[in-house]
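*Asks:* Structure incoming, see below.
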Amino acid sequence: MKSVIFGLFLILVFTSVRGQNTIGLPEVVNYTKKNYKAGTQNWAIRQDRNGIMYFANNEGLLTFDGIHWKIYPLPNKTKVRSLEIGIDNRIYIGGENEFGYFSPDKNGILTFVSLKKLLQKKDLGFSDIWNISSQNGSVFFRASNKIFLYEDSTITVFNPASHWRFMGKTSQALVAQDAENGLLRYANGRWEKYMGPGELPGEYLSTAIIPLGKDSSVLVTMENGLFILTEDRAVRMKSPFVDKISDERIYNATRVNKDLIALSTTLGGCYIVTNKGELVHRFSTADGIQNNNILSVFSDKDQNVWLGLDNGIDFIAYNNAIKNILPSEDGSGYASIIYQNQLFIGTSNGLFSVPTGKFSDLSFAKETFSFVENSRGQVWGLAEINGHLLMAHHEGIFEIVNNVARPIAMRNGFWGFLPLSGIYPVSRVAVGNYNGINFLEYDGQEFHTAGSVPGFDVASRFLCSDIQNENVIWTSHPYRGVFRITFQENGGSTSRQYSVREGLPLSLNNNYVFRIKNKILVSTEKGIYQYNPAKDNFEASAFYNSIFKRPGILYLKEDKEGNVWFVRDKQLGVVDMSGGKSRIIYLPEMSHKMVSGFEYIHAVDENNILVGGEKGFYHINYKNYKQNKNSIGVQIRTVRTMGTVDSLLFGGYFGEVNEVKKQPDSQILHIANRLNSIGFEFSSTLFSQQSSIEYAYLLEGLDQSWSAWSDKSSKEYTNLPPGHYTFQVKARNNFGSESSVSDYSFVILPPWYQTFWAYIGYALIIVALTYLFYKWQEKRFVRQQQKYQEEQKRLQYLHQLELEKNEKEIIKLKNEKLEAEILHKNTDLATSAMHLVQKAELLSKLKSDLVKITKTADNEKTSEDLKKMIKVVGDENKVDKDWGQFSKHFDNVHSNFLIALKEKYPNLTSNELKISAYLRMNLSSKEIAQLMNISLRGVEVSRYRLRKKLQLPSEVNMFNYFLGFHVDEAQHGPSPSSEPGSPQLRSSELRSP
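The letter at position 459 of the sequence shown is residue 473 when you use this note's numbering, and the numbering goes up by one with no holes.
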């Protein structure tokens, strides 16, 4: 019994110490070591003007831009214990036996510059740098045994009286705590007493100083609470809550906004308190953070809270208008209602209630949820009817009285309630159940079951009343269709299904009926259809289909302001009507967080929209959500070349860490052509709305227009041609607000064969080739000319040969013709010669006969006459006269042969000339003998003599010789043989001489 009492006492003490938290807590995002891929502990947090977060991590300086984590280790690979952004925009860090700053190099890549090298050898003995402060352009680094002042590139060292325990800044001064002398202030180049002890305890450890007002600050101690520091004294903050949590060791603190302070502890998590120390929110492992040992806390420019844990990093979207309500550790949210100043939440684990208080925003209610007795199991629906709170449960219908569920009907599950009259008290209520529709009747005191719709067994989760007729209700089933239930005067009821015949093309699934703006609407996978009472059919809704553009609406709910909330593709959205023109606003923070198939939205008012989730409920202050003015920005974080080995071209900084600058010309890289595949990473530091950020990009110099909006935060371009490019990127949130454009310019150099020097080389090569081509052409021309000349010579030679051939042919033809003529004339000459021979023979015979007659004649006169006749015959028979005529005729035929022969051989006799002529005429020796009136022997002798005078060898045929004898031969001498080409008689035609 004592142990039970002691346990209850501990619970009461623990509850009183912890304080009462609000029912709605902002979303907590956990980043584990696996997410950021660095060390476990995170000792300090800062944010630069660009929104980048910096963490002092065990493995180095850790950065986060909303999407990408990067770690920058120290040269000695030690822990980073502290960090601060100086007035010179550098980020200063302190580590184990190391301190310095990170500054971007020319390519925007953070590099570490150590200041330890400025120390004298005697000052090198220090360990961890726990605090860094910047004041008036100077930077102070605190170790336990030294404070280093970095100013004008020199280091000044301050040694403590005992040891330095803390250093920080008040509203007006830089303050350090010495273990022996207490708080000291830096002034005039030295540390001097800041104030008397006042209410400060004798032994304490300062962990943070937070400005409170113009002349005051809050001093945070680890185990002794909070103190208000003024100009000359320290006063304890009178806060029972702070005093109670001091035992949890307040390790760090930061200001969230002008009214709130965040206190981080190493045992109890993080507390958000007012300037008076009153609890507003608590965040512990029970509330979603990873562990309660918090080493650092920081509030960013959007008033979100970051926690540096002993193992991990947590982000609290503290300024977000969406909060999570968890009535129990687990359980999905299905139904909610406000009844008698209490919020009832139905989950898969049962029904819970909590007082709402007087807060306009229900999430700020500071109470604890109570479990409603007898409600264990799925709670599907809640309704207040006639002042009674009814619950539709998996096990039946219940009424909630004094936080206890009292059964009305215990049977298989029920979905929800629909009053069948607009006049209160309502006498009859329809209740959709798993197998149809049941009825409740009110007798003035309580509800009783009153039958069901006969013959109707369709699960009726969706119920809505008709617009014109209270005796008609509508229900739907996702895949069985849409039904109209009509109540008859006799108490009975009928059901009718609507389908294609009534203009409603139902889909295989996802058919839902809703009453929105006094219209019966049916959402299907083919669009939204509206009921037309006059025609008793459905028609496609031009209004809603034009708004939603595409089908797929699973849930519709109208709020009091006339806005229509909807669920599609596991996303929550709202058709906002407040601006006079409808516009769709999606809430991407809610994507995939609702219970698929059992979506639920309870629109209390514009400050309180409750949405059932897979874990409890989500509270949306829609008024604040629309007014969220957090500026959206976008930065290009890295530029890399892609290939077998990636190379970082740009590290994300155009100037110092804390500078907001555009890319200077000096940072426009000229990239080798072999590295012409470039990848970009970009992000927005709107941390609380990361799920709503979309990006569009354009590569100026390649793309013709901006890309479509998407959540993709990287872009790659491959095989870029040479040229000047500017990559541009912009971001927008779910309200359509766009950021300014961030850009990065670079130049892709041409390949080596397209460079200036290459073109000079090409020009030289072209000149050389042109010269060589000229010389080659010249030589070719010479060769062609020579070849042409040779060809001309050859052609001339061939032409000459042809001419000679033709000439020879002509000569041959002439010779043949001449020979023919000669033969013809020789024939005539031979005929004439034969005629002379015959004449001579005749005259000789006549003369012989006359001589004979004369010898026998008796008459002298006759004898005389005969002798005269013989003389006449003898004279007639003389051939000299005939020869003269013959020779002339012969020379005419044979081109003055005899004259030429005589000229050449002047010693030839007339008989030899005759024989020569006869031989040229190819006469036989017998014919010659007759013509010359000599014997054959005489002819042979004459021929022999003639050969000797002509000096002809015996092998030379005299006929051929004479036949080829010409006048020119007579002038130049004899030819030993016949002239080539001269006409030759065939051997068969030759006659023996």
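Beta carbons: idealized from backbone N, C-alpha and C, even for Gly.
Roughly how many angstroms lie between the CA atoms of Gln985 and Lys882, to the nearest whole one?
*Replies:* As a working mapping, residue 985 is identified with position 971 in the sequence shown. As a working mapping, residue 882 is identified with position 868 in the sequence shown. Below a pLDDT of 50, predicted positions are generally treated as unreliable, and Gln985, at 46, falls in that range; the measurement from the model is reported next regardless. Approximately 49 Å between the Cα atoms of the pair.
*Asks:* By how many angstroms is the C-alpha of Tyr709 removed from the C-alpha of Glu695?
*Replies:* Here residue 695 is taken as the residue at index 681 of the sequence shown, counted from 1. Here residue 709 is taken as the residue at index 695 of the sequence shown, counted from 1. Roughly 11 Å separates the two Cα atoms.
*Asks:* Counting only runs that start and end within the region 907-980, where is the beta strand (DSSP E) found for 3 or more residues in a row?
*Replies:* You should have found no qualifying run.
*Asks:* With 16 as the cutoff for other CB atoms within 10 Å, does Gln482 come out buried or exposed?
*Replies:* Mapped onto the sequence shown, residue 482 falls at position 468. Under this definition Gln482 is an exposed residue.
*Asks:* In whole angstroms, what is the alpha-carbon distance linking Asp982 and His908?
*Replies:* Taking the first residue of the sequence shown as position 1, residue 982 is located at position 968. Taking the first residue of the sequence shown as position 1, residue 908 is located at position 894. With a pLDDT of only 49 at Asp982, under 50, the local geometry of the prediction cannot be trusted, and the value read off the model is given with reservation. Computed Cα separation, rounded: 14 Å.
*Asks:* Pro40: buried (16+ other C-beta within 10 angstroms of its C-beta) or exposed?
*Replies:* Reading the sequence shown from its first residue, position 26 is the one you call residue 40. Burial call: buried.
*Asks:* Does any residue of chain D bring its CB to less than 8 Å from the CB of Val955?
*Replies:* No chain D appears in this structure, which consists of one protein chain only.
*Asks:* So the beta strand (DSSP E) Val256 belongs to, where does it begin and stop?
*Replies:* As a working mapping, residue 256 is identified with position 242 in the sequence shown. From DSSP, Val256 is part of no beta strand (DSSP E) but of the alpha helix (DSSP H) over 254-259.
*Asks:* Can you give the Cα-Cα distance for Ile242 and Ser310, rounded to whole angstroms?
*Replies:* Here residue 242 is taken as the residue at index 228 of the sequence shown, counted from 1. Here residue 310 is taken as the residue at index 296 of the sequence shown, counted from 1. For Ile242 and Ser310, the distance between alpha carbons rounds to 21 Å.
*Asks:* Please state if the CB of Lys160 and the CB of Phe140 are separated by a distance shorter than 8 Å.
*Replies:* Position 126 of the sequence shown, counted from the first residue, corresponds to residue 140. Position 146 of the sequence shown, counted from the first residue, corresponds to residue 160. Their beta carbons are under 8 Å apart, which means Phe140 touches Lys160 by this criterion.
*Asks:* In terms of DSSP beta bridges, what is Gly1070 paired with?
*Replies:* Because the chain in this structure spans residues 15 to 1007, residue 1070 falls outside the shown range and cannot be described.
*Asks:* Whole angstroms is fine: what's the gap from Thr876's alpha carbon to Pro920's?
*Replies:* Walking along the sequence shown from the start, residue 876 turns up at place 862. Walking along the sequence shown from the start, residue 920 turns up at place 906. Using only the alpha carbons, I get a separation of about 49 Å.
*Asks:* Run through DSSP, which three-state label would Met405 get?
*Replies:* Your numbering for residue 405 matches position 391 in the sequence shown. Three-state DSSP puts Met405 in a strand.
*Asks:* Are the region 596-604 and the region 703-721 touching by the rule of at least three beta carbon pairs closer than 8 Å?
*Replies:* Yes, the region 596-604 is in contact with the region 703-721.
*Asks:* Counting pairs of beta carbons, one from the region 546-556 and one from the region 576-592, are three or more of them closer than 8 Å?
*Replies:* Contact between the region 546-556 and the region 576-592 is absent, because fewer than three Cβ pairs lie under 8 Å.
*Asks:* Among Pro174, Phe461, Tyr285, Glu484, which has the Cα closest to the Cα of Lys258?
*Replies:* Position 244 of the sequence shown, counted from the first residue, corresponds to residue 258. Comparing Cα positions, the closest option is Tyr285.
*Asks:* List the endpoints of the continuous alpha helix (DSSP H) containing Gln677.
*Replies:* For the purposes of this step, residue 677 is taken as the residue at position 663 of the sequence shown. Gln677 -> no alpha helix (DSSP H), and no H or E assigned at all.
*Asks:* Would you check if the region 265-275 and the region 296-304 touch, i.e. whether three or more CB-CB distances between them fall below 8 Å?
*Replies:* Short answer: they don't touch.
*Asks:* From the DSSP output, in three-state form, read off Tyr543 for me.
*Replies:* Locating residue 543 in the sequence shown gives position 529, where the first residue counts as 1. Of the three classes helix, strand and coil, the one that applies to Tyr543 here is strand, per DSSP.
*Asks:* I'd like the span of the beta strand (DSSP E) that includes Ser560, first residue to last.
*Replies:* Here the question's residue 560 lines up with position 546 in the sequence shown. Per DSSP, Ser560 belongs to no beta strand (DSSP E); it is in the alpha helix (DSSP H), 556-562.
*Asks:* Report buried or exposed for Arg498, applying the criterion of at least 16 other Cβ atoms within 10 angstroms of its Cβ.
*Replies:* Residue 498 sits at position 484 when you count from the first residue of the sequence shown. Per the 10 Å Cβ criterion, buried.
*Asks:* Hey, how far is the Cα of Gly227 from the Cα of His295?
*Replies:* Locating residue 227 in the sequence shown gives position 213, where the first residue counts as 1. Locating residue 295 in the sequence shown gives position 281, where the first residue counts as 1. Near 23 Å, if we compare the C-alpha coordinates of His295 and Gly227.
*Asks:* If you follow the alpha helix (DSSP H) that Tyr639 is in, where does it begin and where does it stop?
*Replies:* Position 625 of the sequence shown, counting from 1, holds the residue named residue 639. It spans 636-641 - the alpha helix (DSSP H) in which Tyr639 sits, taken as one unbroken run.
*Asks:* So, using beta-carbon positions, are Ser753 and Arg746 closer together than 8 Å?
*Replies:* The sequence position of residue 753 within the sequence shown is 739, counting from 1. The sequence position of residue 746 within the sequence shown is 732, counting from 1. Contact: yes.
*Asks:* For Trp205, list the residues DSSP reports as bridge partners.
*Replies:* If you number the sequence shown from 1, residue 205 lands on position 191. Bridge partners of Trp205: Tyr200.
*Asks:* Ignore the nearest five residues each way along the sequence and tell me which others in Val893's own chain have a CB closer than 6 Å to its CB.
*Replies:* Within the sequence shown, the letter at position 879 stands for residue 893. Caution is warranted here: a pLDDT of 49 is assigned to Val893, below 50, making its placement in the model unreliable, and the coordinate value is therefore given only provisionally. No residues qualify anywhere along the chain.
*Asks:* Give me whichever residues DSSP pairs with Lys452 in a beta bridge.
*Replies:* Taking the first residue of the sequence shown as 1, we reach residue 452 at position 438. At residue 452 the sequence reads Asn, which differs from the Lys that was named. According to DSSP, Asn452 bridges with Val445, Ser466.
*Asks:* My output table needs one value for Phe795: the three-state DSSP class, helix, strand or coil.
*Replies:* Taking the first residue of the sequence shown as position 1, residue 795 is located at position 781. Residue state, collapsed to three classes: helix.
*Asks:* Could you check the C-alpha separation between Ile948 and Ser956 for me, to the nearest Å?
*Replies:* In the sequence shown, counting from the first residue as 1, residue 948 sits at position 934. In the sequence shown, counting from the first residue as 1, residue 956 sits at position 942. Taking the straight line joining both Cα atoms gives about 10 Å.
*Asks:* Got a sec? Which residues, its chain only, sit under 7 Å from Leu624 by beta carbon, not counting five neighbours each side?
*Replies:* The residue labelled residue 624 in the question sits at position 610 within the sequence shown. If we look at Leu624 and ignore the five residues flanking it on each side, its Cβ neighbours are Ser350, His616, Val618, Phe631, His633.
*Asks:* Give me the residue from Asp166, Ser298, Trp144, Leu365 with the minimum Cα distance to Pro35.
*Replies:* On the sequence shown, position 21 is the one that residue 35 refers to. In the sequence as presented, Pro is not what sits at residue 35; that position holds Asn. It is Ser298.
*Asks:* One question on the structure: do Arg156 and Asn145 come within less than 8 Å of each other, judged by their Cβ atoms?
*Replies:* Here the question's residue 156 lines up with position 142 in the sequence shown. Here the question's residue 145 lines up with position 131 in the sequence shown. In this structure, Asn145 lies closer than 8 Å to Arg156 by Cβ.
*Asks:* Is Met656 closer than 8 Å to Glu714 when the C-beta atoms are compared?
*Replies:* As a working note, residue 714 is residue 700 in the sequence shown. As a working note, residue 656 is residue 642 in the sequence shown. Going by C-beta atoms, Glu714 is not nearer than 8 Å to Met656.
*Asks:* Of the choices Phe973, Leu233, Gly203, whose alpha-carbon is the least far from that of Met251?
*Replies:* Here residue 251 is taken as the residue at index 237 of the sequence shown, counted from 1. Checked all of Phe973, Leu233, Gly203; the closest Cα to Met251 is Leu233.
*Asks:* Go ahead and pull the three-state DSSP assignment for Met608.
*Replies:* To locate residue 608, count along the sequence shown from 1; it is residue 594. Met608 falls in the coil class under three-state DSSP.
*Asks:* Taking Glu262 as the reference, give the member of Thr244, Glu237, Ser342, Asp246 with the closest Cα.
*Replies:* What you label residue 262 is simply residue 248 of the sequence shown in a count that begins at 1. With distances taken between Cα atoms, Glu262 lies closest to Glu237.
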